[in-house]
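All residue numbers for the first sequence refer to the working numbering, where the first residue is 1108 and numbers rise by one. Notes follow the structure.
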Amino acid sequence: MTFSEQLTNWYLPNKRDLPWRNTQDPYKIWLSEIILQQTRIEQGLSYYYTFVEKYPTVADLAAAELDAVLKDWEGLGYYSRARNLHFTANSVMDSLNGKFPNSYEELLKLKGVGTYTAAAISSFASKEKRAVVDGNVYRVLGRLYNIEDPIDANPGKKRYQEIADDLISDKYPDLHNQAIMEFGATHCTKHKPKCETCIFQKQCLAFQKNTIDSRPVKKKKNKIQNRYLNFYHIADQNNFLIQQRTDKGIWFQLYQLPLHESLDKRGFDNHIPNLELLGDFEIFSIHPDRNLIHLLSHQKLHIRFWKIEVKELKKIEQHQLVSLADPVAKAFPKPISEFLQNQLKPKLFQK
DNA sequence: AAGCCGGGGTT
DNA sequence: AACCCAGGCTT
């Protein structure tokens, strides 16, 4: 029995029932794959339901405003995925007559679709023989073959892809791809893999050599940068101010409260808002509200919110007025949306 | 090749 | 605190 046959024999009785496994519509499979990039299935599931419900076809997605798509993506992270999603929906409408591609080569041309996603969609939607290599596959193959090449360097990536290409089934590439990822996600897990009951135990080189916990190999460690952000909640009795982020970097094109970024911890500790930069408001009060630390994969954000009450708010350049009663019309980064949600709650229930 | 891009879960 | 998650893009 081939490896692929063993694998799919394990998969069929052990697979989870996931909604994107019950369709061959390349558009819906594409939605699921973009949502699930670097994202756990449990986290992405509700977003998938939202998107197939609100945008059942690629035409619906293309017709939506980018701001609306970003709003539906709010909280999921890696927001370039949402921008590329919207861009690609429009390019499919304009250049492909609204017919979503299902071949590897055509999919690879789409913005936001790389080798993994093109292999996944083409195998699931049209049974093209293209082997997926994602985090699960790196782990499963890294252990089976006890591979020492790092997965984050080109030689290793090439070798893993070659092995995956060699193992995939001719007749059931779709099942094979689903199976190897499911096996990595639920059986050959990073922590406490179920080696005792593993069907591949006898052929697993890492199990024989006792290197399970150090496979796959990765060389890079990410360092994190400290940043110090002051957000101003500037409000009169009815409205407050927001602005759109236009600088390249984190949270591009999302909305936020007016921001002053301190250069270092000392500047942050000594910072006091200077509203002259924003306009001539009659100020009733300024005081610091809450402090928090928000962790990104590569940055540690030290955040202080300031509450600033003014007599009468005016619209100023590069900013928008938003009703205090309805603060969530735009997409905000997680810490901002959380702060705004808190503002809505009655003070009785605040800590 | 290396760095950038989120938020959340697990150990 | 470190690592990872159905990765891809930019430099």
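Using N, Cα and C, we set each Cβ at its ideal position, and we do this for glycine too.
{"Asked": "Minimum C-alpha distance to I1415 - residue among T1304, K1355, S1430, P1395", "Found": "P1395"}
{"Asked": "Backbone secondary structure at A1226 - three-state DSSP", "Found": "helix"}
{"Asked": "Contacts around G1263, its chain only, beta-carbon distance under 6 angstroms, and the 5 residues preceding and following it disregarded", "Found": "D1256, P1257"}
{"Asked": "Q1285, buried or exposed, once every other Cβ within 10 Å from all chains shown has been counted against 16", "Found": "buried"}
{"Asked": "Run of the alpha helix (DSSP H) containing W1137, from where it starts to where it stops", "Found": "1133-1143"}
{"Asked": "Buried or exposed by the 16-neighbour rule on C-beta atoms within 10 Å, applied to I1287", "Found": "buried"}
{"Asked": "Coarse secondary structure for N1333, derived from DSSP in three states", "Found": "strand"}
{"Asked": "CA nearest to the CA of L1431, picked from I1357, L1361, H1340", "Found": "H1340"}
{"Asked": "Within 8 angstroms, strictly: CB atoms of L1399 and P1442", "Found": "yes"}
{"Asked": "Stretch pair the segment 1313-1332 + the segment 1271-1280: three plus CB contacts closer than 8 angstroms", "Found": "no"}
{"Asked": "The segment 1229-1247 contacting the segment 1185-1199, beta-carbon criterion three pairs below 8 angstroms", "Found": "no"}
{"Asked": "Which of helix, strand or coil DSSP assigns to E1416", "Found": "strand"}
{"Asked": "Of the residues N1333, Y1155, P1280, the one placed nearest I1228, counting alpha carbons only", "Found": "P1280"}
{"Asked": "Touch test, the segment 1352-1359 against the segment 1167-1185, Cβ-Cβ under 8 angstroms, three pairs minimum", "Found": "no"}
{"Asked": "Which of helix, strand or coil DSSP assigns to Q1310", "Found": "helix"}
{"Asked": "Exposure label - Y1156; buried when at least 16 CB within 10 Å", "Found": "exposed"}
{"Asked": "Reduced DSSP category for A1260 - H, G, I as helix; E, B as strand; rest coil", "Found": "coil"}
{"Asked": "Other residues of its chain near Q1363: CB distance less than 7 angstroms, five sequence neighbours each side excluded", "Found": "F1338, I1349, Q1350, R1352, F1439, P1440, I1443"}
{"Asked": "Buried/exposed call for A1260, threshold 16 Cβ in 10 Å", "Found": "exposed"}
{"Asked": "Boundaries of the alpha helix (DSSP H) in which P1120 is found, first to last residue", "Found": "1110-1121"}
{"Asked": "Cβ-based burial, R1411 [other Cβ within 10 Å; buried from 16]", "Found": "buried"}
{"Asked": "Through-space distance from K1309 to V1199, alpha-carbon basis", "Found": "47 angstroms"}
{"Asked": "Separation of L1138 from L1183, as counted between CA atoms", "Found": "14 angstroms"}
{"Asked": "F1375 burial status per 10 Å Cβ neighbour count (16 or more: buried)", "Found": "buried"}
{"Asked": "Length of the line joining the Cα atoms of S1321 and N1243", "Found": "14 angstroms"}
{"Asked": "Simplified DSSP state of Q1457, which is helix, strand or coil", "Found": "Residue placement at Q1457 is poorly supported in this model, since its pLDDT is 43, which falls under 50; the coordinates are not used for a value here."}
{"Asked": "P1395 in three-state terms, based on DSSP", "Found": "strand"}
{"Asked": "Unbroken stretches of the beta strand (DSSP E), 3 residues or longer, contained in the segment 1186-1250", "Found": "none"}
{"Asked": "In DSSP terms, what H1378 is bridged to", "Found": "In DSSP, H1378 forms no bridge with anything."}
{"Asked": "Beta-carbon proximity of Q1144 to R1190, cut-off 8 angstroms", "Found": "no"}
{"Asked": "Nearest residue (CA-CA) to V1159, options G1219, D1124, K1135", "Found": "K1135"}
{"Asked": "Q1150 - DSSP class collapsed to helix/strand/coil", "Found": "helix"}
{"Asked": "Buried or exposed (CB count within 10 angstroms, at least 16 for buried), S1230", "Found": "buried"}
{"Asked": "Completely contained alpha helix (DSSP H) runs for the segment 1254-1306, where each covers 4 or more residues", "Found": "1261-1274, 1280-1293"}
{"Asked": "DSSP-derived helix/strand/coil call for S1404", "Found": "coil"}
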